[in-house]
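As given, the protein sequences belong to chains Z and C, one line each in that order.
The working numbering applies: residue 1281 is where the first sequence begins, and numbers increase by one.
The working numbering applies: residue 6 is where the second sequence begins, and numbers increase by one.
Yeah, the Cβ is synthetic: ideal placement off N, Cα and C, and Gly gets one too.
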Amino acid sequence: MSHNGSTAPGTQVDLQGISKRYGSFLALDDVSITIEPGEFVTLLGASGSGKTTLLRILAGFLQPTSGLITLDATDVTRVPVYKRNIGMVFQNYALFPHMNVEKNISFPLEMRKVPRARRDELITGALRAVHMEDFRRRLPRELSGGQQQRVALARAIVTKPSILLMDEPLGALDRRLRESMQIEILKLSRELGLTVVNVTHDQEEAFTMSDRIALLSHGRLVQYSTPAEMYEKPNSSLVAEFVGESNVFRSDELVTDRSRVEIKGDTWHVAAEDGLERLSPGDRPVVIVRPWSISLTDAADKTTVLAEGGRSHLEGTVSAVIYAGESRKIIVHGGGDDRRELIVRQPIETELNVAVGERVLAHWPSVKNLLTKEHAA
Amino acid sequence: MNFWTLAGLPGIVFLGAVFGIPLVLIVIRSFTDPGPENYLEIFTNERYLGSILRTVGMSLTVTLVCLVLAYPYAYLMARSSTFVKLLLGAMLLTSYWTSSLVRTFAWGAILNNTGIINQFLQDLGVIDQPLPLIRNMFAVFVGMTHVLLPYAVLAIYATLRTIDVDLERAALGMGARPVKAFWRITFPLSLPGVAAGAILVFVIGLGFYLTPMYLGGPGQELVSEMVAREVQDFLRPGRAAALSVVLLVFVGLILVIATRFVGLGAIVGNAAIDGRKNAAK
């Protein structure tokens, strides 16, 4: 399909102004995304965000109410699903229960009229790619969830489609299997040079796998960028809160000038300079700090710690210390009228230097603060 | 004795008294009144053999037509919006729950020589003499199909609704046209439901009495009518008992063979669960 001469045989996907309306409900509102050949893009969002609807529109299972879908500059908006050369992995794998592994994988080849003589070689290749050569004669119900997932993947890639769509493909797997499958799928799609569009509500999965993430909320595209950019330069509080654990500071008491934003509450004070250019006049600034950036010291050291300047802080009482595997989560209760709470994360191998009930100063360099704007609903 | 055995006892006693014991008595009578020659008579007399063949033939025809009519209906019901599903379901169940006696008499009113169809055609001047629409096998066939259709629809529907719609979507995504996706994926997976519906309709059809009696013609009795006539007209209860036993054994055989392919649960109403189990096989 590709005729742009790049190394990736994947398709360029262009979604322009896609909207989908169900009666008075707008499931998708003017979403535009361009995906470069060979790119791995994840549609990320909570349930009801429209991510699955968008994928189904791209696949051709649904017609958009308005908008244009082009694959390699060819308009396919009205092309029925069976004429688009796509591979798709469904949430529950959608393996045909009455066909064994080999017949499942042979199905798309038969439908695409691949000569019988060539089928076996392609089936073997696809099975080898997902390490399932020994399971040819098994029925889907004789396979574990992870194995079914692999077969579904083999079936999706056996026709060498230029685009692979995945609808929460790892949702039904347990955590460890999910993590190893993430890496495997990524490797495979890179080897084949596929353009991949993945749908998930799991931000960790999105960050692990994607070149770019499209964050959707209530049918709208909130941000479309690389994972790093999304994490470091969220374009609204909604993005920041969705991707990773966040402490979000909002306040009526704010000082804004051309160079910095300062906001404070009864027991805290935060300042931010970076990202001011992303705010427009009229935006409500929001300051976000990640739990990993925060240090804790005895409240008595406050003056010493803050003397050097350039630090944001919150003073309060440790209300909980929670062990969460590789990290420990400490909750600091600031008290005051705003009942401010702060989440702090520490690697488990560092020594715990605070105890529940202790007065502490939580502080961090203000350069770690992310400045963004309140999400307009 | 545990609680459920105790709680089940009244039901067991009731069924045993009104069904089990009479059944045993019938079997005994078929061999003793006047003797086993009842069976010899049934298997040698053309009158009985013809009736048995006619019954099986009628039941088979009705089964086939029911399946052809029921499948698309069940498919629509399984894949439609809630509103259409409710509408189709309500139509089906209204028919299902209306007494077969009422439905049979209704067909009488429609097919009679002075019934709706003949009256209408005569009024139009299309025909002079009423068409022979009643007192024949055609009328029996129409009536039985109407009464039995809901069984087939419900059995097929129960299986179809357990088939993940994503399977068909997946097939389309792999380049199968909708018709092909249906025949290769949905249809084979729905076969347990089709089989359950077929067996249900066929077996119930074998024992039909009211509909053939009211709509059928002379000399074309089905087995159940023969049984009634042996008792009422010929006063040969032993012969009637033997005919009943023959029918019962035949039905039993069909069910035994059928359960090799479809779970018994699927036939007696639990089609959804058994359908899934079988679909996986």
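Compare the Cα-Cα distances from Z:SER1539 to each of Z:MET1446, Z:LEU1651, Z:PHE1376 and report the closest residue. Z:LEU1651
Please confirm if Z:MET1281 has its CB atom under 7 Å from at least one CB of chain C. Residue placement at Z:MET1281 cannot be trusted, given a pLDDT of 39 that sits under 50; what the coordinates show is reported in the next sentence. For Z:MET1281, the answer is no, since every Cβ of chain C falls outside 7 Å of its Cβ.
Can you tell me the Cα-Cα spacing of C:VAL147 and C:TYR53, whole angstroms? 24 Å
Pull the bridge partners of C:PHE266 from the DSSP assignment, please. None, per the DSSP bridge assignment.
Can you check whether the CB of C:VAL158 is closer than 7 Å to the CB of C:ALA79? yes
Can you tell me where the beta strand (DSSP E) holding C:GLN225 begins and where it ends? Premise fails: C:GLN225 is in no beta strand (DSSP E) and is neither H nor E.
In this structure, what does DSSP give as the bridge partners for Z:ASN1478? Z:THR1322, Z:MET1446
Just checking, does the segment 214-231 of chain C make contact with the segment 168-185 of chain C on the three C-beta pairs under 8 Å criterion? no
For C:ASN43, the first and last residue of its enclosing alpha helix (DSSP H): 42-49
Nearest-angstrom Cα separation, counted from Z:TYR1362 out to C:LYS90: 27 Å
Near Z:LEU1419, which residues of its chain fall below 6 Å by C-beta distance, leaving aside the five closest residues on each side in sequence? ASN1380
Indicate whether at least one CB of chain Z lies closer than 7 Å to the CB of C:ARG182. yes
Using CA coordinates, which residue listed in Z:PRO1388, Z:VAL1477, Z:ARG1358 is at the minimum distance from Z:ALA1434? Z:PRO1388
Buried versus exposed, by CB contacts within 10 Å (16 or more), Z:GLU1525: exposed
According to DSSP, is C:TYR101 helix, strand or coil? helix
Under 7 Å by beta carbon: chain Z residues contacting C:ILE190: PHE1376
Roughly how many angstroms separate the alpha carbons of C:VAL73 and C:ALA203, rounded to a whole number? 11 Å
Let me confirm a value: Z:ASN1649 is counted as buried when at least 16 other C-beta atoms fall within 10 Å, else exposed. Which label applies? buried
C-alpha distance - Z:PRO1565 paired with Z:GLY1340, whole-angstrom precision: 40 Å
When you compare the CB of C:MET96 with every CB in chain Z, is at least one pair closer than 7 Å? no
Closer than 8 Å by beta-carbon distance: list the chain Z residues that pair up with C:PRO193, in chain order. HIS1378
Residue span of the beta strand (DSSP E) that contains Z:TYR1373, given as start and end: Note, Z:TYR1373: premise wrong, no beta strand (DSSP E); not H, not E.
Rounded C-alpha distance that separates C:PRO137 from C:ASN118: 7 Å
C:GLY178 at chain Z interface by Cβ criterion, 7 Å: yes
Quick one: complete beta strand (DSSP E) runs, 3+ long, within the segment 1285-1315 of chain Z? 1293-1302, 1305-1315
Starting from Z:THR1597, follow the beta strand (DSSP E) in both directions and report where the run begins and ends. 1591-1604
Determine the direct distance from the alpha carbon of Z:LEU1375 to that of C:TYR162, and round the result to whole angstroms. 21 Å
Along chain C, which residues have their Cβ under 7 Å away from the Cβ of Z:ILE1403? Simply none; closest approach about 13 Å.
For Z:ALA1552, I'd like the list of residues in its chain whose CB is within less than 7 Å of its CB, leaving aside the five on either flank, ordered along the chain. ARG1540, VAL1541, VAL1567, SER1646, ASN1649, LEU1651
Tell me whether Z:SER1560 is buried or exposed, calling it buried when 16 or more other Cβ atoms sit within 10 Å of its Cβ. exposed
Please report the distance separating the alpha-carbon of Z:SER1282 from that of Z:GLY1367. With a pLDDT of 37 at Z:SER1282, under the threshold of 50, the predicted position of this residue should be treated as unreliable, though the coordinate-derived value follows. Each residue's Cα considered, the two are about 16 Å apart.
Within chain C, partners of Z:PHE1387 - CB distance below 8 Å: ALA176, MET179, ALA181, ARG189
Proximity test, Cβ basis, 7 Å: Z:VAL1293 and chain C: no
For a contact defined as C-beta to C-beta under 9 Å, what are the partners of Z:ASN1478 on chain C? Here the premise fails: no neighbours, minimum Cβ distance about 15 Å.
With a CB to CB cut of under 8 Å and the five nearest residues on each side skipped, what residues in its chain are close to C:LEU93? TYR78, LEU81, MET82, SER85
With a CB to CB cut of under 6 Å and the five nearest residues on each side skipped, what residues in its chain are close to C:TYR214? SER229
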